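Colleague: First residue of the sequence shown: 12, per my numbering; consecutive thereafter.
Here's a structure for you.
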Amino acid sequence: MNSIGAQVERISVGLKEKAKSFLGQVYEENNLLEKLPARWKVVEKEIEETGSYIHTFLELEYGAKLAWRNSNRCIGRLFWKSLKVIDCRDVETENEAFDCILDHIDYATNGGKIRNTVSIFAPPSLSNEPLKIWNHQLIRYAGFETSKGIIGDPASIELTHKMKLLGWNPKPAPWTILPIVIQKGDKAPQIFEIPKYMIKEVPMEHPDHPWFADLGLQWYAVPMIADMELHIGGIKYRFAPFNGWYMGTEIGARNFADENRFNMLPVVAEKMGLNRQRGSLWKDQALLTLNEAVLYSFRKNRARIVDHHTAAEQFQKFINDENAVNRSITGDWNWLIPPSSPASTFIFHRSFDNTIKDPNFYYRKKTCPFLG
Ligand code: ARG
């Protein structure tokens with residue numbers, strides 16, 4: 012066999028192994044083992060003939076659920092079985108893809124009763140010109156570098172800049188929602204604006220501090236990650252945006268508090284009249300105020316959110332449920348502990364096996380493949 016032949020052979024052997032072990036798991040966990048031999052025969056032949064294979068909807072759906080169950084960094088995995096999987100594999104054009112994105116936003120947002128959802132587009136193995144999305148999250152605030160300093164979210168500066176190179180030309184303003192950029196193969200990327208009315212946003216206020224509302228903070232209700240790849244049984248879905256709902260600290264203790272994000276601790280401490288000369292714990296007090304405001308405002312606006320203590324309890328239940336069916340869980344301690352009061356949750360006081368199991372979600376290498 013020549014070396015290219017040998018290479019193809021090796022690839023399909025790797026794929027075959029992954030497909031076989033994945034299908035074994037799906038059919039076993041769904042009590043469908045009697046269907047496995049026939050299915051495996053079809054898949055094996057398909058891989059030999061085409062170098063790839065196509066998941067049935069059941070495989071796709073359960074595979075996506077498993078990917079969530081295996082996400083070591085996620086504290087919210089108790090709900091893995093309820094993931095809604097939307098099959099977008101037959102989508103071919105940028106316009107159709109954007110329609111699916113809008114459907115995802117609408118279904119997931121659900122007026123604030125947020126539903127865990129993933130939309131799965133065709134993997135590159137199934138298409139000559141696969142669709143990709145540039146965004147980090149479907150909804151995200153832009154960040155502008157101006158002569159007067161940064162306006163918006165500093166985390167979005169690079170992506171905002173790249174979108175401007177494509178011709179997006181907004182006036183720099185805080186809380187500007189980035190458009191969606193979809194690209195088919197190597198073609199020119201297409202820009203789409205999400206209609207404002209479809210985006211649920213929460214203006215921030217604090218139950219005890221009337222001045223808090225005047226800070227003008229707000230956040231969008233649904234975190235929808237768009238730049239991770241979903242790997243299922245050897246197939247790599249590179250365009251598979253997914254969402255859960257927020258844990259309050261993601262916004263209160265990170266997005267609003269991190270020095271390289273909205274850096275609000277000094278401002279909040281000032282407004283609270285805290286004495287910053289008396290040690291450093293003004294930061295903890297300001298953090299608590301931010302976390303309180305986020306939870307209060309989301310609840311007031313009927314947008315689903317979970318506080319970190321409740322999330323930790325739910326995570327404990329996830330572990331118990333898994334153990335009850337003789338499965339052990341994997342986890343990444345560094346990510347599972349919440350950024351506020353970590354030692355007040357059980358997670359802090361134990362360790363986790365951080366083995367990466369497949370199916371799973373993986374980081375994509377580059378945000379915008381053709382602009383570096
Ligand atoms: N931490 C990210 C953010 O603040 C969102 C990550 C996903 N979070 C989630 N609850 N599913 O935007």
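Where a beta carbon is used, it is the ideal one built from N, C-alpha and C, also for glycine.
For clarity, every value in this text was computed on a predicted model and none was experimentally measured.
Between 91, 88, 114 and 84, which lies nearest to residue 98 when the distance is taken from Cα to Cα?
Modeller: Nearest C-alpha to residue 98: 114.
Colleague: For ligand 1, any of its heavy atoms closer than 7 Å to the Cβ of residue 256?
Modeller: Correct: residue 256 has its Cβ closer than 7 Å to ligand 1.
Colleague: Quick one: residues in its chain with C-beta nearer than 8 Å to the C-beta of residue 284, no 5 flanking neighbours on either side, listed in chain order?
Modeller: Answer for residue 284: no residue qualifies.
Colleague: Checking the sheet assignment: what are the DSSP bridge partners for residue 230?
Modeller: Partner(s): 213.
Colleague: Could you tell me the distance, in whole angstroms, from the CA atom of residue 236 to the CA atom of residue 245?
Modeller: So the alpha carbons of these two residues sit roughly 21 Å apart.
Colleague: Report the rounded CA-to-CA distance for residue 47 versus residue 92, giving the unit in angstroms.
Modeller: When rounded, the distance between both Cα atoms is 22 Å.
Colleague: Given 7 Å as the limit, tell me if residue 88 has its C-beta closer than that to any heavy atom belonging to ligand 1.
Modeller: Flag unset: Cβ of residue 88 not near ligand 1.
Colleague: In whole angstroms, what separates the C-alpha of residue 383 from that of residue 58?
Modeller: Any answer about residue 383 is weak, because its pLDDT of 42 lies below 50 and its placement is not dependable; what the coordinates show is given next. Cα to Cα, residue 383 sits roughly 33 Å from residue 58.
Colleague: Which same chain residues, not among the five before or five after residue 224, have their C-beta less than 8 Å away from its C-beta?
Modeller: Counting only Cβ-Cβ distances below 8 Å, and skipping sequence neighbours, we find 214, 215, 216 and 217.
Colleague: Would you say the region 162 to 180 touches the region 269 to 283, given that touching needs at least three Cβ pairs under 8 Å?
Modeller: With a cut-off of 8 Å, the region 269 to 283 and the region 162 to 180 count as touching, because enough Cβ pairs lie within range.
Colleague: Measure the beta-carbon distance from residue 83 to residue 254 and round it to whole angstroms, keeping in mind my assumption that it falls under 8 Å.
Modeller: About 19 Å; that fails the 8 Å criterion.
Colleague: Measuring only the C-alpha atoms, how far is residue 204 from residue 210?
Modeller: Cα to Cα, the separation comes out at about 11 Å.
Colleague: Near residue 27, what residues of its chain come up, given a Cβ to Cβ distance below 7 Å and the 5 sequence neighbours on each side ignored?
Modeller: If we look at residue 27 and ignore the five residues flanking it on each side, its Cβ neighbours are 55 and 58.
Colleague: Quick check: residue 153 and residue 177, are their CB atoms within less than 8 Å of each other?
Modeller: No. Outside cutoff.
Colleague: Where does the unbroken alpha helix (DSSP H) through residue 74 begin, and where does it stop?
Modeller: It spans 68 to 80 - the alpha helix (DSSP H) in which residue 74 sits, taken as one unbroken run.
Colleague: Report, in whole angstroms, the separation of the C-beta atoms of residue 257 and residue 234, which I expect to be a contact under 8 Å.
Modeller: Correct: roughly 6 Å between the Cβ atoms.
Colleague: So, under 8 Å CB-CB, residue 193 and residue 108 are touching, yes? Tell me the CB distance rounded to an integer number of Å.
Modeller: Indeed, because the Cβ distance is near 5 Å, the residues count as touching under 8 Å.
Colleague: For residue 375 versus residue 239, is the C-beta distance shorter than 8 Å?
Modeller: Yes, these two residues count as a Cβ contact at 8 Å.
Colleague: Are the region 293 to 302 and the region 323 to 332 touching by the rule of at least three beta carbon pairs closer than 8 Å?
Modeller: The answer is no - the region 323 to 332 does not touch the region 293 to 302, with fewer than three Cβ pairs under 8 Å.
Colleague: Using C-beta distances below 8 Å, list every residue in its chain close to residue 265, excluding the 5 sequence neighbours before and after it, in chain order.
Modeller: Taken in chain order, the residues that qualify are 272 and 350.
Colleague: I'd like the list of long-range same chain contacts for residue 23, defined as Cβ closer than 8 Å, with 5 residues on each side in sequence excluded.
Modeller: Taken in chain order, the residues that qualify are 58, 59 and 62.
Colleague: Taking a contact to mean a Cβ-Cβ separation below 8 Å, would you say residue 356 touches residue 323 in this structure?
Modeller: Yes. Within cutoff.
Colleague: Give me the DSSP bridge partner(s) of residue 152.
Modeller: Looking at the DSSP assignment, residue 152 forms a beta bridge with 188.
Colleague: So is residue 120 buried or exposed if we call it buried at 16+ other beta carbons inside 10 Å?
Modeller: Buried, by the Cβ-count rule.
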